[in-house]
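Numbering (my numbering), first residue to last: 6 to 351. Below you'll find the structure, written out as structure tokens, and then a few comments.
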């Protein structure tokens, strides 16, 4: 999981460098085509495919269109022309499947990775206990904080495990714990409670009141999508305003879904009444206005992948994940050496 995690840290940056169809020449926001125009253009090119939603990624990025297919469709946001059509099971999808499920069936693989992370978490704790010197002096300080690069392989391997393991401990614990929050619902609920959640909101479930319209007729989903897209960009979004996801309702009574404020691995879910197009109470508020407990839950993914601080934290996470991947290898070699030594004495 450490190796796949390293690769996935820079997924978006690598894709943008290697996939020219993801980028377009930026024009003014007033020249962006609304969802209805994008829908019509894709439907004309692919009349037999059901279109579920559109992903606006910014003024200089292609729109990703969510269709009923194994392919991902990318469209120029200014003229509606398809810029790329690629299979969704690309290299990074393959890496993600390995990271989450070890390339096994989800029901089996996800349980293995979850419990392996539990084991890794407790190994980190026990590793800290074993690292802590019984006595602090110059010799123990040097062996605990410095790598002896000119030592023989056995000593060098020990230092790589012992010293690098200590320096990456906090980051490794953070990565492991945020991964566990995604794997175990009970842990997520407990963490939310400990962080102060439910103390103020008392776990209230807000039920949106369905208001009657004058005609009681369902608004056209494309016209509704255009209205919501404009409203989100001009009235609701706080960050990265031109990056908006709009999902079309599958059924006439289903609510519209939109996503905005997508920045550094954090996003904001919005829900709109399908008849009145009013923003529903179960929508997220701006993350900067959230209490700590909700901020923590919504930032968990960003904290897990290292996007929380942009490129600098991604670099730190990349190196940290690489070291985490090496710890079982160096640790096994230490264990194997001690086992052989015990056999020799016997």
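Think of the CB as a built atom: it goes at the ideal place given N, C-alpha and C, for glycine as much as any other residue.
In the DSSP annotation of this structure, the continuous segment of the beta strand (DSSP E) that includes residue 266 starts and ends at 261-268. For residue 55, the closest alpha carbon among the candidates 136, 318, 253 and 311 is that of 253.
Within a 10 Å sphere around the beta-carbon of residue 131 sit fewer than 16 other beta-carbons, which makes this residue exposed. The three-state secondary structure of residue 296, taken from DSSP, is coil.
Here residue 62 is buried, its C-beta having at least 16 other C-beta atoms within 10 Å. The C-alpha of residue 177 is placed about 45 Å away from the C-alpha of residue 229.
Among the bridge pairs identified by DSSP, residue 79 is matched with 69 and 89. When the beta-carbon positions are compared, residue 59 and residue 43 come within less than 7 Å of each other.
In the three-state DSSP reduction, residue 103 falls in the helix class (H, G or I). The beta-carbon separation of residue 313 and residue 269, rounded to 6 Å, stays under the 8 Å limit for a contact. Straight through space, the alpha carbons of residue 175 and residue 199 are spaced by roughly 20 Å. For the set 281, 273 and 241, the Cα lying nearest the Cα of residue 259 is the one of 281.
A direct Cα-to-Cα measurement between residue 27 and residue 66 gives close to 6 Å. In the three-state reduction of the DSSP assignment, residue 284 falls in the strand class. Straight-line measurement puts the Cα of residue 340 at about 10 Å from the Cα of residue 346. Put simply, of 331, 203 and 261 the residue whose alpha carbon is nearest the alpha carbon of residue 299 is 203.
Within 10 angstroms of the beta-carbon of residue 105 lie 16 or more other beta-carbons, which makes it buried. Annotation for residue 111: the continuous alpha helix (DSSP H) segment containing it runs 111-136. Across the structure, residue 193 and residue 237 are spaced so that their CA atoms are roughly 29 Å apart. Linking residue 330 to residue 234 through their CA atoms gives a straight-line distance of about 43 Å. The C-alpha of residue 294 is placed about 19 Å away from the C-alpha of residue 263. Residue range 271-277 is occupied by the beta strand (DSSP E) that includes residue 273. The DSSP-derived three-state label of residue 74 is coil. The C-alpha of residue 101 lies about 16 Å from the C-alpha of residue 307. About 7 Å separates the Cβ atoms of residue 149 and residue 171, confirming a contact at the 8 Å cut-off.
In this structure, residue 165 and residue 335 form a Cβ contact; the two beta carbons are roughly 5 Å apart against a cut-off of 8 Å.
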